[in-house]
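Presented below is the structure to which this report refers.
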Amino acid sequence: MHDDLQTVAGGDGVSVHSGFPNPALEHRGQGRLSLDLNQLLVQRPSSTYLFRIEGHHWADQGIYDSDMAVIDRAAQAHRGDLIIAWHDEDLVICKQHQLLETDQPWGVVTAIIHQYR
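Be aware that the sequence shown starts at 5, since it is given in this note's numbering, and climbs by one per residue.
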């Protein structure tokens, strides 16, 4: 049986463990083994930035203190989008349609990363 496990594991980064079966083995060779957060979260690397959220103003939207916002400066903002904008001398997060005339849009929030630990 161990010989079969070694053959299944191969050299492509799939590890085999005793106990609970590795669900990735079902998709072996189908391009579904790797999880690349850059590919998932970043559409334009040269214009993408990470910001740490400070404060609890957006808690009702599921955005909490210390969450990370993925910002794309090249993305086109649409009504209702979360954006980062210059307000006075600070960068703030707001809805696109809530911008004041004096606010300067900086980028569009494309994702929020919330860590539990």
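Using N, Cα and C, we set each Cβ at its ideal position, and we do this for glycine too.
Across the structure, Asp85 and Gln65 are spaced so that their CA atoms are roughly 12 Å apart. Leaving aside the five residues that flank Leu45 on each side, the residues in its chain whose CB is nearer than 6 Å to its CB run, in chain order, Val74, Ala115. According to DSSP, residue pairing for Asp94 in a beta bridge involves His91. In the three-state reduction of the DSSP assignment, Ala63 falls in the helix class. Bridge partners of Tyr53 according to DSSP: Ile75.
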